[in-house]
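K.L.:
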Amino acid sequence: MRSLSLVACLVAVCAIAVSPSHAQTTFASITGTVTDAGGAVIPNVTIEATHTRSNYKYTVVSNEAGSYTLAQLLEGEYTLRAAAPGFQEFFVQNIQLVARDQRRIDVQMQVGAVETRIEVSAGATLIETETARIGDSKGTGALNALPLNTRSLYSFLALTPGVLAAGGGVATRRFAGSRLNQSDQSIDGITVSNGLDGTQISPLVGYIESFEEVRVDMANNTADIASVGQVTIVSKSGSNEFHGSAITYYTTPWFRARNPFAAQRPGGIVHQPGFSAGGPVKLPGYDGSNRTFFFGSFETSRGSNILQLLNPSVPIAPWRAGDFSGLTTTIRDAFGGGPLPGNRIPASQINPVSQRYQDRFYPLPNFGDPNVFSAQNYREQVTRPFDPNTYYTTRLDHRFSDKSFIFGRWTWNRGHSRAFEGNLPTIGRRWQTRDTRALNISYTHTISQNLISESRWGYAWNNNPRNGAVLGSEMVQDLGLVGLVPGIPDINGLLDVSFAGIGIQRVSQTPWRHPGFQNFAQQIQQHVNWYRGNHSIKSGFQFNRVNFQDQNANNALFGRMTFSNRFTGHPYADFLYGTPTNTNRAFPPVLQDRTRWSYEFFVADDWKVTPTLTVNLGLRYEWKPGYTEANGLQAVFDIDSGRVVVPDGALSRVSPLVPAGYVDIVEASQAGFPSKTLMQTDRNNFAPRIGLAWRPMGPSTVLRAGWGMFYDVVPRALSAGGSPFVLNEPQFTNPANNPVVVLPRIFPDQGGALTTIGLPGAVQRDIRVPFTMQYNLTLEHQRWNTGFRLSYIGTNTRQGEWGYNINSPQPGPGAFIDKPRLFPRYPGITYTSNGAGHQYHGMQMEVERRFMNGFAYQWSWNWARDIGDLERGQSPENPFDRQRERGVWLDIPTHRVTGNVIYELPFGRGKPFLNSTSKAVNHIVGGWEMSGIYSYYSGQFMTPLWTGPDPVGIAFTSSRTSPNVTLRPDHLRNANLPASEQSTGRWFDVGAFAPPQPGSFGTAARGVIIGPNSHVLNYGLMKSIFLTEKTRLRAELTATNLLNRPNYSLPDVNIANAGTVGVISGVGGTSTLDGSGARSFRAGLRFEW
């Protein structure tokens, strides 16, 4: 009782110490009905399940309906025993449970002596028989056997049908059409989401030696899960036997093929050692067998200096000297307007700051004709230090009795990055550190045989500061820049320069930040499982508290300029004169310290309506107030009154640089806004879930269907930061006939006072949390030790957030400054409201055989179509026509095929061939294993773009000169070339598009270009030698993209970039997580005991 009291106190302290978060269980359950030979139900039968590794026992008694449920079971292998007076004992062995498994094992008792036994073997389930959800699971055996050279969770997610990287990202995923804020990842039930924008703290899942299992649920999750897509990671635990591993993985330059766009193969030796160990805790005077277990793991990445490919497009030598005689374009004097003789800029007219800038940052071309501009005309493999990474995990389990147990896990990761910045060798390397940590404590108590309680507390912490390569103050002094804002701190930064319509490499670096997206997500969860009659009822709550700190410099802090052909007829000639088309500057960053709480409650009932029909009913309620800021640094624009609203008490923190009389700034109470969050809380977020599983022909065939509502997991921070605390100014457009900004000046001289500043965005007063409805119809059948699945999945989002410029004039002919606007004094004001959405339709076919007799495979085909407009606050080209954005979703391909196979060669002891060979021969012919992965996706959809002077007069400018904008062009004909005509130099027909006509938007829709497809075949060959009965040494060689097929990245789609449009400049596809880059081998050794 003292132990229970201590645990109760611990949970209570946690509840007080943290905010009340996404809860979910990782435990499995076994359920079924007990009948006699005639089919009559039998109550009061004792059912006992024993966890093989730990010898933990779980016991229940069948109720009056003959039903039983063994809940809160650890993943792994079990035996099950059913006994009752007058009946033979029923015994099931080799029951393999995975995370969140709901396994049905019906028990048929036979009359006879208790001493006799009926034995069956269950193995692993191949089909889902109890719920409507659709998911996939990979255990530690598959994690270690499949040939993926990146030992990361995200590599394995690529194996799951319907799961895709969002835009090629690592930490963002789409699950059967889900949006970016609609998925979650957890380790032992505690989320590793950053709690801010729906992305995950990816380093916490960057190594897999501590993973026992990875489960992916992508459709129709039950009510205890908040998100559409859920990734559940179960960590390894100790057992009654000491066990562990020592690993090392190794790759060298000779193991890597050359990127077809590089001059040589990537360099650098990479070494990834690690170890793990677990077992019972044994101390002097204490034997933890059957009670207390430990597990720990360590993994790291080390290596020699590596080569980084840089392949920018740089200005050619004649241009650098002002010689444009090789062009047919007439080059004009930027100030006089007249043509220059011979298309040459006199040396005396070249701006000295431009000269110094190009000499500092742009190398001379070294690829192709040095006097003719072409894409990627500079190629170099630069040497940089290897990015080290270290990962630790520790877990401790303790069982007080058969009715209560507790476990805790601690994970820590730290890594560094020193990559070259901006694809140019002249900028230098950044310094970036990623520090992540996670802690989890879970306590389960069986109050009675039909009432079980589960409590969890945990947190995840992340910090990602970075420094760019160039010190801003040094660069300002070197170039003599003027016109920057006052009070810029001595931090890293540079003058950001880009070119419109030519494809020359932009000069930029990652902005300085410290702290960098530092977030601290705390959680507490409480679940109660209650079993009565044919009902298994689960209810609970989950509370989140997320604190987020960030101090992030704007990349325009030291100036940002764009050069086009406005003044001379050519972008680089404009640069040599120092006359930008558009220019920006930014103000020093301040520390943002935001906090968000959320509260979620649920109840779910798995109702066994008949022995062949299970209905899942559930309801969630989610209350998600907005963010608060520790110092009140939040603001919104009130479109009703035309005033800026800040939290109560925050007026004193408004920047003194706000122009006097420019805009009224009032506190929330005065304006009728919530005093801290400035946003009304959406209070009606009820999410019903319903599903059914019908087994009309027995347990081998099941028809499943489900429907449910899901709310965005993480609401966006719509009122965070910025003006009027950190000011921003609208982009300045240089007048076409009289440029007033000329280098070294960055921004117009305003006589020491600001005239126009940007304002915070406006938010719909009653804005809702976006919600998604998901539904599926699935038929599954199990035969020949193989599961077959055919599913239709539909996913649609409603009330998605989108933003538009509410202060935009009507698009059409005429200059911006001549058109009426809602607030004529102010620049653009983004108004965020509900209304965006999409509709996803998908069909999946899957065939899977779990590992048996040395053979396992999984093959799937996913056909999908997703039509929608905007997500997560995106804005349309035309602020008055959101429907114009409706089109095919870009990063969801039409076809996706995945397959994986593991095969033990049938030679040696215990195998069909040479099974009686000698030990020495067996070491040679036995223990061989092959594995493979195949991945295919059809081409990603792409949207054509054009950059040039605003044709519709809606982009803010203070002069009659139209600023440059990027819009979709006119669409003249089908741009997709036949496969026989496609090449890396011309992937699509550029002539199928033209600049939009004056006064009109372009006619091109989203997603009208289809990009390259991807075929990837990975292969692994492994050889195991059993040194003793319980120790094994395994050597392996794995290859990603074995056939070295070039899976091209997406081409440039901006038709204004004459030198690069339609050109492909790299490989790796749209998701390098498929291993779709150049071929790479990896050798490994693994010792297990």
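Heads up: the sequence shown is residues 9 to 1097, going by the numbering used here.
Note that CB positions come from ideal geometry on N, CA and C, so glycine has one too.
Just so you know, these numbers come straight off a predicted model, no measurement behind them.
1) When DSSP labels each residue in this structure, what does I825 get in the three-state scheme?
2) Looking at C-beta atoms only, is the number of pairs between the stretch 228-241 and the stretch 1062-1072 that lie closer than 8 Å three or more?
3) Please report the residue range of the beta strand (DSSP E) in which S75 lies.
4) Can you tell me the Cα-Cα spacing of P579 and S186, whole angstroms?
5) Do S572 and T741 have their C-beta atoms closer together than 8 Å?
6) Once you ignore the five residues that flank Q847 on each side, which residues in its own chain have a CB closer than 6 Å to its CB?
7) With a threshold of 8 Å on Cβ separation, who are the neighbours of N52 within its own chain once the five nearest residues in sequence on each side are excluded?
8) With 8 Å set as the bound, which would you pick, yes or no: does the beta-carbon of F733 sit closer than that to a beta-carbon of chain D?
9) With three or more C-beta pairs closer than 8 Å as the rule, is the stretch 787-801 touching the stretch 852-862?
10) Got a sec? Which residues, its chain only, sit under 6 Å from L459 by beta carbon, not counting five neighbours each side?
11) I need the DSSP call for W1097, collapsed to helix, strand or coil.
12) May I ask which residues mark the beginning and end of the beta strand (DSSP E) holding G416?
13) Which runs of the beta strand (DSSP E) spanning at least 3 residues fall entirely within the stretch 315-398, listed in chain order?
14) By the 10 Å Cβ neighbour count, where 16 or more other Cβ atoms means buried, how is L372 classified, buried or exposed?
15) Quick one: residues in its chain with C-beta nearer than 7 Å to the C-beta of G650, no 5 flanking neighbours on either side, listed in chain order?
16) Since G811 contacts Y834 with CB under 8 Å, what's their CB separation in whole angstroms?
17) Need the endpoints of the alpha helix (DSSP H) that Y580 sits in, please.
18) Which residue from E989, T1039, H979, K1038 puts its Cα closest to that of G1010?
19) Take T620 as the anchor and find which of D613, F609, V710 has the nearest alpha-carbon.
20) Look up V460 in the DSSP assignment and say whether it is helix, strand or coil.
21) Got a sec? Which residues, its chain only, sit under 8 Å from H30 by beta carbon, not counting five neighbours each side?
22) Cβ of R181 within 8 Å of Cβ of A107?
23) Tell me whether N1100 sits in a helix, a strand or coil according to DSSP, three-state version.
24) Alpha carbons only, please: which of P952, T969, T951 is nearest the one belonging to D958?
25) Based on DSSP bridge pairs, tell me the residues matched to Y451.
26) Can you tell me whether S253 is buried or exposed, with buried defined as 16 or more other CB within 10 angstroms of its CB?
27) The beta strand (DSSP E) with H535 in it runs from where to where?
28) Quick check: is any heavy atom of the ligand MG less than 7 Å from the C-beta of P738?
29) Three-state secondary structure (DSSP) at N470?
30) Among the residues of its own chain, which have a CB less than 8 Å from the CB of P596, if the five just before and after it don't count?
31) Grab me the residues of D8's own chain with a C-beta within less than 6 Å of its C-beta, minus the 5 sequence neighbours each way, in chain order.
32) Going straight from the alpha carbon of A658 to that of L641, what length do you get?
33) Counting along the chain, where does the alpha helix (DSSP H) carrying S868 start and finish?
34) Would DSSP call E1037 helix, strand or coil?
35) When the Cα of R894 is compared with those of V905, L878, F302, which residue comes out closest?
36) Looking only at its chain, what residues have a beta carbon closer than 7 Å to the beta carbon of T34, apart from the 5 residues adjacent to it on each side?
P.N.:
Answer, in terms of the structure:
1) helix
2) no
3) Per DSSP, S75 belongs to the beta strand (DSSP E) from 75-81.
4) 41 Å
5) Going by C-beta atoms, S572 is not nearer than 8 Å to T741.
6) N804, I875
7) V69, S70, A92
8) No chain D is part of this structure, which consists of one protein chain only.
9) Contact between the stretch 852-862 and the stretch 787-801 is present, because at least three Cβ pairs lie under 8 Å.
10) W538
11) coil
12) 412-425
13) 388-392
14) exposed
15) Result list for G650: F831, in chain order.
16) Incorrect: roughly 16 Å between the Cβ atoms, too far for contact.
17) 579-585
18) H979
19) V710
20) Correcting the residue type first, residue 460 is Ile in the shown sequence and not Val. DSSP, reduced to helix, strand and coil, places I460 within a strand of the structure shown.
21) Interpretation of H30 is limited by its pLDDT of 43, a score under 50 that renders its predicted location unreliable; no figure is taken from the coordinates.
22) no
23) There is simply no residue 1100 to check, as the chain begins at 9 and stops at 1097 in what is shown.
24) Minimum Cα distance to D958 is reached at T969.
25) Here Y451 is bridged, per DSSP, to I414, S463.
26) buried
27) 526-540
28) This structure simply doesn't include the ligand MG, nor any ligand for that matter.
29) In the structure shown, N470 falls within a strand segment according to DSSP collapsed to helix, strand and coil.
30) Cβ within range, chain order: V493, G495, I496, P497, A561, L565, V734.
31) With the chain represented from 9 up to 1097, any question about residue 8 goes unanswered, as that position is not in the structure.
32) 7 Å
33) No alpha helix (DSSP H) contains S868, which is instead part of the beta strand (DSSP E) from 863-876.
34) coil
35) L878
36) Cβ within range, chain order: A107, R108, D196, G197, T240, V242.
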